[in-house]
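Participant: So the sequence shown is numbered by the UniProt record's numbering: it starts at 1 and just counts up by one.
Using N, Cα and C, we set each Cβ at its ideal position, and we do this for glycine too.
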Amino acid sequence: MGIEAGSSKLLLRAALLDAPGKWAGVEEKLTFWEATISLSVSMLGTGIVVFPYSFALCGYVVGPIALIALGVLAYLSFLSLIRCTAKMHVTSYAGLLQALPSAWGHYTNASLWLLLVLTSAAYVLVTSDIIRSFALRDDAEVPVVLQSPILFAVVLAVSFPFCLCKSLHGLSATSAYCSFAIVAAVALILNDLCEIARGDPLPPSLAVTGSAQPRSVVIALPILGCGMFGHMNTSQMYAELQSDVKPKAHRIALLCCMIAVAMYMLVGAAGYAAFGRGTQPDILAQIAARRGESLSVVLIQGLLASYVMLKTPLLILPLRSLTLMLFHPTSAAGPPDLSGRSHVALTFALLACVYAAAIAMPDLGQLLQLLGAVCVIPICFVVPARLAWTIEVPRPTPRCLVMASVGILASALSLLQSIVA
């Protein structure tokens, strides 16, 4: 109660000191559609190529049901974060954690910081692999410029100017391109999958099925859960929303969840229909193996490479805010303003951390699966439930219990599966 009372006084004072057109010190420039695009891009990623594999693990009955259920839970989670942000008058996830006991804050901050760094590193790896696939043949020797240390640095250097943006509004043009790129890539993927599905029928051993083994469903949970992860920018989005749009923030979250579920559902179902139980974790590689390096595959790779490279700033933005909050924990509303030189230096340092992670761990598959169980699912569902339980008045008990119970169960089962595997 002492923590909550002290924070409330500071936050009330911050709210009263806001200048016109600002909220918690942030300019209110973000429109409804700019916010929708930014949040959708935060949620969607190259992980979309894995969703057919999750459908193959779950079958055509459990797969769609699980995806829709997690979409509903993701909306409830976003709703909790939006309401808590409005109540606390903060601009970052880390700012919300001031209402919780310190142990919760330490765990969530560490998990989110590590997750953002490793996800950014994974994006560097994906982009580099796509660039190599363009430039190299299977038997060609890798030139120095395409070797990991130099290529990783080049990829991050291209992203660096975009990473200097301080707001989602400043990234609106980048987000608009990313939304075009992912929609175009999905359309091309769906076209290729439909062509494959219309070809020779699958053998009986690979035919689609409605049954699923419990162990397979557990393996699919982190994939499905990670697909709904865009929580790191929710508070920033709400703070930047124009004042007349803020009451509609829950509609933005609902629309983004519906878009994500629809796109994942289309790609997952089409991929499963095309390859059946033989669906592999990377559906794009499977399409290329079946149809060769066609123009469509090349376009998809190019769109995904540019998408990943330009989406990186949407990860660096909350990572920078989180880092500042860790060094300035007494800042109630949000991270303090930096001088231009300090801002550039901090952004460079964070990209250096991303570079080091990409160099040190070139195979992030198993690590990200473990982080999905330990970090992503709790941050998506358990921590927002705890925040809503503490901050919202009246307390939304049913919503908190549903999010927390599902999150804890899914996280525990996924962690157990990762350890056993």
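Please give the ranges of any beta strand (DSSP E) in the stretch 22-70, keeping only runs that are unbroken, at least 3 residues long and fully inside the region.
Facilitator: You should have found no qualifying run.
Participant: What's the call for F55, buried or exposed, on a 16-neighbour Cβ count within 10 Å?
Facilitator: F55 comes out buried.
Participant: Using DSSP bridges, identify the partner residues of L146.
Facilitator: DSSP, once it has assigned bridges, lists no residue as partnering L146.
Participant: Which residue from G292, F180, G276 puts its Cα closest to that of S306?
Facilitator: If we check each option's Cα against that of S306, F180 comes out closest.
Participant: Assuming C90 and A24 are in contact, meaning their beta carbons sit under 8 Å apart, how far apart are those beta carbons, in whole angstroms?
Facilitator: Per the sequence shown, the amino acid found at residue 90 is Val instead of Cys. Right, their Cβ atoms sit about 6 Å apart.
Participant: With distance defined between alpha-carbon atoms, name the residue in W389, A249, Y264 nearest to L100.
Facilitator: Comparing Cα-Cα distances from L100 to each of W389, A249, Y264, the minimum goes to W389.
Participant: Return the first residue and the last residue of the alpha helix (DSSP H) that N109 is part of.
Facilitator: Looking at the DSSP string, the run of the alpha helix (DSSP H) that includes N109 is 102-135.
Participant: Who are L241's beta bridge partners in DSSP?
Facilitator: According to DSSP, L241 bridges with L30.
Participant: For Q417, which of helix, strand or coil comes out of DSSP?
Facilitator: In this structure, Q417 counts as helix in the three-state DSSP scheme.
Participant: Check V376 in the structure and name its three-state DSSP category.
Facilitator: The answer is helix: DSSP assigns V376 an H, G or I state.
Participant: Looking only at C-alpha atoms, which of E240, A239, G278 sits nearest to P201?
Facilitator: P201 has its Cα closest to that of G278, out of E240, A239, G278.
Participant: Grab me the residues of P384's own chain with a C-beta within less than 6 Å of its C-beta, minus the 5 sequence neighbours each way, in chain order.
Facilitator: Cβ within range, chain order: S77, S80, L81.
Participant: Consult DSSP for E195 and reduce its assignment to one of helix, strand or coil.
Facilitator: Here E195 sits in helix by DSSP.
Participant: Consult DSSP for A332 and reduce its assignment to one of helix, strand or coil.
Facilitator: Note that A332 scores 49 on pLDDT, short of 50, meaning its location in the model is unreliable; the coordinates nonetheless yield the value given after this. Coil.
Participant: Which one of D192, R386, L317, L73 has the shortest CA to CA distance from V297?
Facilitator: V297 has its Cα closest to that of D192, out of D192, R386, L317, L73.
Participant: Whole angstroms are fine: how far does the CA of E27 sit from the CA of H169?
Facilitator: Those two C-alpha atoms are separated by around 9 Å.
Participant: Got a sec? Which residues, its chain only, sit under 8 Å from L171 by beta carbon, not counting five neighbours each side?
Facilitator: S38, F162, C165, P313, L314, L317.
Participant: Give me the Cβ distance between V124 and A352, rounded to the nearest whole Å; I'm assuming they're in contact under 8 Å.
Facilitator: Not quite, the Cβ-Cβ distance comes to about 12 Å (not below 8 Å), so this is no contact.
Participant: Could you tell me the alpha carbon to alpha carbon distance between V144 and S159, rounded to whole angstroms?
Facilitator: Cα-Cα distance, rounded: 21 Å.
Participant: Within 10 angstroms of the Cβ of I65, are there 16 or more other Cβ atoms? Answer buried if so, exposed if not.
Facilitator: So I65 counts as exposed.
Participant: Would you kindly work out how many angstroms separate the C-alpha atoms of I252 and L115, rounded to a whole number?
Facilitator: Answer to the nearest angstrom: the Cα atoms are 24 Å apart.
Participant: Report, in whole angstroms, the separation of the C-beta atoms of H57 and I219, which I expect to be a contact under 8 Å.
Facilitator: Going by the sequence as given, residue 57 is Leu instead of His. With a Cβ gap of about 6 Å, L57 and I219 count as contacting.
Participant: Just the C-alpha distance for A249 and Y238, rounded to the nearest angstrom, thanks.
Facilitator: Looking at the two C-alpha atoms, the distance is approximately 7 Å.
Participant: So is A187 buried or exposed if we call it buried at 16+ other beta carbons inside 10 Å?
Facilitator: The residue in question, A187, is exposed, as its Cβ has fewer than 16 Cβ neighbours within 10 Å.
Participant: Which class does M228 belong to by DSSP, given the choice of helix, strand or coil?
Facilitator: DSSP places M228 in coil when its eight states are reduced to three.
Participant: So A349 is in the alpha helix (DSSP H); what residue range does that whole segment cover?
Facilitator: Here the alpha helix (DSSP H) through A349 covers 340-360.
Participant: Using 10 angstroms around the beta-carbon of W113, count the other beta-carbons present and answer buried if the total reaches 16, otherwise exposed.
Facilitator: W113 is buried by the Cβ-count criterion.
Participant: For V267, does the three-state DSSP call read helix, strand or coil?
Facilitator: The answer is helix: DSSP assigns V267 an H, G or I state.
Participant: Is it right to say A103 is buried, meaning 16 or more other beta carbons lie within 10 angstroms of its own, or is it exposed?
Facilitator: Exposed, by the Cβ-count rule.
Participant: Alpha carbons only, please: which of E392, M265, S342, A349 is nearest the one belonging to P52?
Facilitator: Closest by alpha carbon: M265.
Participant: Rounded to whole angstroms, what's the CA-CA distance from V374 to T108? Just pull it up for me.
Facilitator: Distance between the alpha carbons of V374 and T108 is about 10 Å.
Participant: Pick helix, strand or coil for A207, following the three-state DSSP scheme.
Facilitator: Note: A207 maps to coil in three-state DSSP.
Participant: Nearest-angstrom Cα distance between A260 and R341?
Facilitator: Distance between the alpha carbons of A260 and R341 is about 37 Å.
Participant: One question on the structure: do M232 and L319 come within less than 9 Å of each other, judged by their Cβ atoms?
Facilitator: Yes.
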